[in-house]
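And the structure:
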């Protein structure tokens, strides 16, 4: 029998602040204007942060316009990779040679690797990351999908600036562009010739056994909300037994899960851990959150999708045979005992991912011979994740008559869709 807890509102959540650093001497970030591409609504006047919850849930691209030249850029790289380091050095040389007005910021671990080769670089300690939100105009990442998750962790208590990502990792599902296109891409960013996809984030706070008793994250002194990009996982960790979790939605009891754990994920996170656990694939522009069980004892427990303005509360049940570890985007942040809970909701701070017009985007993704695609996410789940790929090998040199007919049908379908898209454009 599950226990009905009283779901109380968070009371005293603090901003985690530590000592200042060289970041304090940098100029403040430049103001900008942001508007949904369909022109339905816009932020009022010039702003310096992308913080509106409704924008975080708004599908489609957003136009972006600098109101003043950007001054500070954060560079993030995959560590201990020779190819990435070589490209990273080239990026720094290009920035310092072509755009000397830009201040280049890196974290202390990257600084240790490059300080003997580059001058006029501003390092910061991880403990000073709370200052980044007031200083950084935009971010450039080189590496795999983990590099953009790292950016999210650097801004885990404030708004994230626009992120320009270059794929130099294993998969690169979140990082669309080829590093060879860097000079042209950077020029377009500085000239406001890009749009933003606002990838939804979520936030979590941890609570104790009594109402109003908040818990701090591992290594921190104060209670606060933590913002994340992919998923929060409440799981048994290294315990040998399944954990028992009571899940509430908007304060109403949903179910008691006896399982290895539960995953609460964003649409972006639907193609990460939740996908391996049997969850659905959700388009990143959809305003939803998803609850997915990990190896549940009940065969009828399936993933559930909720509106983005929902709140999900997960309590470790008193009958649970083990505590539950809380992991956020692959980082362990706490371990909850029975009666303790994690409360998850939509974050006000999305991840603004830089995108370019279709023709430029196609060239910068895979080279000049790449086709222009109408929806890059649909293209990527086919080419990178091999969505619904046939087990039958497709060898171009040995096409059967059926294969040739299928290829002809695909080409014809593309032509019809292209013509229909043009007609819709003329009507609007």
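Residue numbers (our numbering): 180 to 607. Glycine included, each C-beta is placed from N, C-alpha and C at the ideal position. Given the structure is predicted, the values throughout are model-derived calculations rather than measurements.
Between the alpha carbons of residue 212 and residue 258, how many angstroms are there, rounded?
The residue you call residue 212 lines up with position 33 of the chain shown. The residue you call residue 258 lines up with position 79 of the chain shown. Roughly 34 Å between the two C-alpha positions.
From residue 557 to residue 566, what distance separates their C-alpha atoms?
As a first step, residue 557 is located in the chain shown; it is residue number 378 there, counting from the start. As a first step, residue 566 is located in the chain shown; it is residue number 387 there, counting from the start. About 9 Å.
For residue 384 and residue 513, believed in contact at Cβ under 8 Å, the rounded distance:
Residue mapping note: residue 513 aligns to position 334 of the chain shown, counting from 1. Residue mapping note: residue 384 aligns to position 205 of the chain shown, counting from 1. Rounded, the Cβ-Cβ distance is 11 Å, inconsistent with contact.
Which term fits residue 526, buried or exposed, when burial requires 16 or more other beta carbons within 10 angstroms of its beta carbon?
Within the chain shown, the letter at position 347 stands for residue 526. By the Cβ neighbour-count rule, residue 526 is buried, with 16 or more other Cβ atoms within 10 Å of its own.
From residue 233 to residue 274, what distance separates their C-alpha atoms?
Sequence index remark: in the chain shown, residue 233 carries index 54 (1-based). Sequence index remark: in the chain shown, residue 274 carries index 95 (1-based). Annotation note: pLDDT 49 at residue 233 (below 50); position unreliable, coordinate value reported separately. Cα to Cα, the separation comes out at about 35 Å.
For the region 431–467, which segments carrying the alpha helix (DSSP H) assignment without a break, of at least 4 residues, lie completely within its bounds, in sequence order?
452–455
First through last residue of the alpha helix (DSSP H) which encompasses residue 272:
For this step, residue 272 is matched to residue 93 along the chain shown. Residue 272 -> alpha helix (DSSP H) spans 261–277.
Please name the residue in 229, 260, 552, 481 whose C-alpha comes closest to that of residue 457.
Locating residue 457 in the chain shown gives position 278, counting from the first residue. The option with the nearest alpha carbon to residue 457 is 481.
Check for me: the beta strand (DSSP E) holding residue 129 runs from which residue to which?
Since the first and last residues shown for the chain are 180 and 607, residue 129 lies out of range.
Given this structure, state the Cα-to-Cα distance separating residue 554 from residue 302, to the nearest angstrom.
Numbered from 1 along the chain shown, position 375 holds the residue referred to as residue 554. Numbered from 1 along the chain shown, position 123 holds the residue referred to as residue 302. So the alpha carbons of these two residues sit roughly 37 Å apart.
Residue 283 - partner residues in DSSP beta bridges
Here the question's residue 283 lines up with position 104 in the chain shown. Paired residue(s): 252, 300.
Thinking residue 364 and residue 528 are a contact (beta carbons under 8 Å), I'd like their distance in whole angstroms, please.
Numbered from its first residue, the chain shown carries residue 364 at position 185. Numbered from its first residue, the chain shown carries residue 528 at position 349. With a beta-carbon spacing of about 24 Å, residue 364 and residue 528 fall beyond the 8 Å limit used to define contacts.
Where residue 576 falls, given that 16 or more other Cβ within 10 Å makes a residue buried:
Sequence index remark: in the chain shown, residue 576 carries index 397 (1-based). For residue 576, the predicted structure reports a pLDDT of 46, less than 50, and the residue's modelled location is therefore unreliable. A value from the coordinates is still provided. When all chains shown are included, residue 576 counts as exposed.
CB-CB length for residue 328 against residue 409, believed under 8 Å:
Your numbering for residue 328 matches position 149 in the chain shown. Your numbering for residue 409 matches position 230 in the chain shown. Sure, about 7 Å apart at Cβ, within 8 Å.
Can you name the residues that DSSP bridges to residue 422?
As a position in the chain shown, residue 422 is number 243, starting the count at 1. Answer is 438, bridged to residue 422.
Stretch pair the region 535–546 + the region 411–427: three plus CB contacts closer than 8 Å:
They do not touch, by the three-pair rule.
Less than 6 Å between C-beta atoms, sequence neighbours within five positions excluded: which residues of the same chain meet that for residue 500?
Position 321 of the chain shown, counted from the start, is the residue given in the question as residue 500. So the qualifying residues of the chain are 420.
Can the beta-carbon of residue 515 be found less than 8 Å from the beta-carbon of residue 472?
Residue mapping note: residue 515 aligns to position 336 of the chain shown, counting from 1. Residue mapping note: residue 472 aligns to position 293 of the chain shown, counting from 1. Going by C-beta atoms, residue 515 is not nearer than 8 Å to residue 472.
Relative to the ligand ADP, is the shortest distance from any of its heavy atoms to the C-beta of residue 535 smaller than 7 Å?
No copy of the ligand ADP occurs in the structure displayed, which carries no ligand at all.
Could you give the DSSP three-state label for residue 540: helix, strand or coil?
Counted from its first residue, the chain shown places residue 540 at position 361. Residue state, collapsed to three classes: helix.
May I have the straight-line CA-CA distance separating residue 535 from residue 430, to the nearest angstrom?
Walking along the chain shown from the start, residue 535 turns up at place 356. Walking along the chain shown from the start, residue 430 turns up at place 251. If you take the alpha carbons of residue 535 and residue 430, they lie about 41 Å apart.
If we count the other Cβ atoms within 10 Å of its Cβ and call it buried at 16 or more, is residue 448 buried or exposed?
Position 269 of the chain shown, counted from the first residue, corresponds to residue 448. Counting Cβ neighbours within 10 Å, residue 448 comes out buried, since at least 16 surround it.
With distances taken Cα to Cα, identify the nearest neighbour of residue 244 among 538, 254, 367.
On the chain shown, position 65 is the one that residue 244 refers to. Comparing Cα-Cα distances from residue 244 to each of 538, 254, 367, the minimum goes to 367.
For residue 326 and residue 286, the rounded distance between their alpha carbons:
For the purposes of this step, residue 286 is identified with residue 107 of the chain shown, where counting begins at 1. For the purposes of this step, residue 326 is identified with residue 147 of the chain shown, where counting begins at 1. Using only the alpha carbons, I get a separation of about 13 Å.
Based on the DSSP output, what are the partners of residue 240 in its beta bridges?
Numbered from 1 along the chain shown, position 61 holds the residue referred to as residue 240. Beta-bridge pairing links residue 240 to 376.
From which residue to which residue does the alpha helix (DSSP H) around residue 327 run?
Counting from one through the chain shown, the residue named residue 327 turns up at place 148. Unbroken alpha helix (DSSP H) run through residue 327: 324–333.
Could you check where the alpha helix (DSSP H) with residue 339 kicks off and where it finishes?
By one-based count along the chain shown, residue 339 stands at place 160. Counting along the chain, residue 339 falls outside any alpha helix (DSSP H), and DSSP gives it neither H nor E.
Residue 505 versus residue 437 - alpha carbon distance:
Indexing the chain shown from 1 puts residue 505 at position 326. Indexing the chain shown from 1 puts residue 437 at position 258. The alpha-carbon atoms of residue 505 and residue 437 are separated by roughly 16 Å.
First and last residue of the beta strand (DSSP E) that includes residue 495?
Indexing the chain shown from 1 puts residue 495 at position 316. Element bounds for residue 495: 490–495.
Please work out which residues of its chain come closer than 6 Å, Cβ to Cβ, to residue 183, disregarding the five sequence neighbours upstream and downstream, and give them in chain order.
Locating residue 183 in the chain shown gives position 4, counting from the first residue. Reliability fails at residue 183, whose pLDDT of 48 lies under 50, so the model's placement of it is uncertain and the value that follows must be treated cautiously. Answer for residue 183: no residue qualifies.
So residue 411 and residue 379 are supposed to be a Cβ contact under 8 Å. How far apart are they, rounded?
To locate residue 411, count along the chain shown from 1; it is residue 232. To locate residue 379, count along the chain shown from 1; it is residue 200. So it is not a contact: roughly 13 Å between Cβ atoms.
Go through its chain and collect everything with a Cβ distance to residue 362's Cβ below 8 Å, but skip five positions before and after it.
Within the chain shown, residue 362 is the residue found at index 183, counting from 1. Excluding positions up to five away in sequence, the list reads 273, 277.
Beta-carbon spacing of residue 281, residue 250 below 8 Å
In the chain shown, the residue the question calls residue 281 occupies position 102. In the chain shown, the residue the question calls residue 250 occupies position 71. For residue 281 and residue 250, yes; Cβs fall inside 8 Å.
Drop a sphere of 10 angstroms on the beta-carbon of residue 446, count the other beta-carbons inside from all chains shown, and report buried for 16 or more, exposed for fewer.
Counting from 1 along the chain shown, the entry for residue 446 is found at position 267. Classification for residue 446: buried.
Got a sec? Which residues, its chain only, sit under 7 Å from residue 467 by beta carbon, not counting five neighbours each side?
Position 288 of the chain shown holds residue 467. Answer for residue 467: 446, 461, 484, 485, 486, 487, listed in chain order.
For residue 321, which residues of its own chain have a beta-carbon under 8 Å away from its beta-carbon, when the five flanking residues on both sides are left out?
For this step, residue 321 is matched to residue 142 along the chain shown. Same-chain partners within the cutoff: 254, 255, 256, 257, 263, 266, 267, 270, 345, 347, 358.
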